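J.: Below is one structure. I have some questions about it.
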Amino acid sequence: MKKAVYPGSFDPLTYGHLDIIERASKIFDEVIVAVLCNSTKNSLFSIDERVSMIEDVTQKYPNVTVTSFDGLLIDFMKEINASVIIRGLRTVTDFEYEFQIAQTNHVQDSNIETVFLTSELQYSYLSSSIVKEFASYGGEISKFVPEQFIDKIYSKYKDR
Ligand code: PNS
Numbered sequence: 000m001k002k003a004v005y006p007g008s009f010d011p012l013t014y015g016h017l018d019i020i021e022r023a024s025k026i027f028d029e030v031i032v033a034v035l036c037n038s039t040k041n042s043l044f045s046i047d048e049r050v051s052m053i054e055d056v057t058q059k060y061p062n063v064t065v066t067s068f069d070g071l072l073i074d075f076m077k078e079i080n081a082s083v084i085i086r087g088l089r090t091v092t093d094f095e096y097e098f099q100i101a102q103t104n105h106v107q108d109s110n111i112e113t114v115f116l117t118s119e120l121q122y123s124y125l126s127s128s129i130v131k132e133f134a135s136y137g138g139e140i141s142k143f144v145p146e147q148f149i150d151k152i153y154s155k156y157k158d159r
């Protein structure tokens, strides 16, 4: 059984992330989407909200589960006995940062391998930050995130 972990902030998950999840689910027996609990980041959604939103849109993939983790990714991987990290690459600008993280994780634990999946070209511009920026000004976000997230995102900005 090949288990892969797809870690990230997912604040919120975008169609770009969903595309990576779908593709990873075809390659690996089990894909665990792991939401990072990062208390230093000023997040739009709580961890529980993010986990439940991602669960909602990944229900159709029977081998995908969603959870959260705190601390180092490699420690979490050890805990759940997984050795493959999935990361999405949108453009070459992502590469340098991702390369650094992948190498660091591998140096720390040589069992850990990072597999990069390239995003669909149509999502190569997309990020959670772009979605938040647009939504904060009431901009149209239906091409960026699943439909069921749209009201949830706008309502966060109404509350602010
Ligand atoms: O979606 P993001 O914010 O780009 O995801 C970054 C993430 C969660 C993969 C990365 O920050 C991470 O693994 N954080 C956990 C802490 C950790 O293990 N840091 C070491 C990386 S050098």
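In numbering that gives the first Met the number 0, the protein residues as written are 0 to 159.
Cβ coordinates follow ideal geometry from the N, Cα and C atoms, glycine included.
Note that the structure is a prediction, hence the values are computed from the model and not measured.
Residue 78 by DSSP, collapsed to three states: which one?
T.: Residue 78 sits at position 79 when you count from the first residue of the sequence shown. It is helical.
J.: What three-state label does DSSP hand residue 148 in the structure shown?
T.: Mapped onto the sequence shown, residue 148 falls at position 149. Correct three-state label for residue 148: helix.
J.: Are there any heavy atoms of the ligand PNS lying less than 7 Å away from the beta-carbon of residue 104, as far as the coordinates show?
T.: Your numbering for residue 104 matches position 105 in the sequence shown. The answer is yes for residue 104.
J.: So for residue 118, helix, strand or coil by DSSP?
T.: As a first step, residue 118 must be located in the sequence shown, where it is residue number 119. Residue 118 falls in the coil class under three-state DSSP.
J.: Can you pull the DSSP bridge partners for residue 5?
T.: Taking the sequence shown and counting its residues from 1, the one referred to as residue 5 is at position 6. Looking at the DSSP assignment, residue 5 forms a beta bridge with 32.
J.: For the ligand PNS, any of its heavy atoms closer than 7 Å to the Cβ of residue 7?
T.: As a position in the sequence shown, residue 7 is number 8, starting the count at 1. At least one heavy atom of the ligand PNS is nearer than 7 Å to the Cβ of residue 7, so yes.
J.: Can you name the residues that DSSP bridges to residue 49?
T.: Position 50 of the sequence shown, counted from the start, is the residue given in the question as residue 49. Paired residue(s): none; residue 49 is not in a bridge.
J.: Residue 87 lies in the beta strand (DSSP E); which residues open and close that run?
T.: For this step, residue 87 is matched to residue 88 along the sequence shown. Taken as a continuous stretch (DSSP letters only), the beta strand (DSSP E) holding residue 87 covers 83 to 88.
J.: I believe residue 73 touches residue 37 by the beta-carbon criterion, under 8 Å. Please report the beta-carbon distance rounded to the nearest angstrom.
T.: Within the sequence shown, numbered from 1, the residue matching residue 73 stands at position 74. Within the sequence shown, numbered from 1, the residue matching residue 37 stands at position 38. 16 Å between Cβ atoms; not a contact.
J.: What is the DSSP secondary structure of residue 13, reduced to helix, strand or coil?
T.: Stepping through the sequence shown from its first residue, residue 13 is reached at position 14. Note: residue 13 maps to coil in three-state DSSP.
J.: Helix, strand or coil for residue 132? Go by DSSP, reduced to three states.
T.: Sequence index remark: in the sequence shown, residue 132 carries index 133 (1-based). It is helical.
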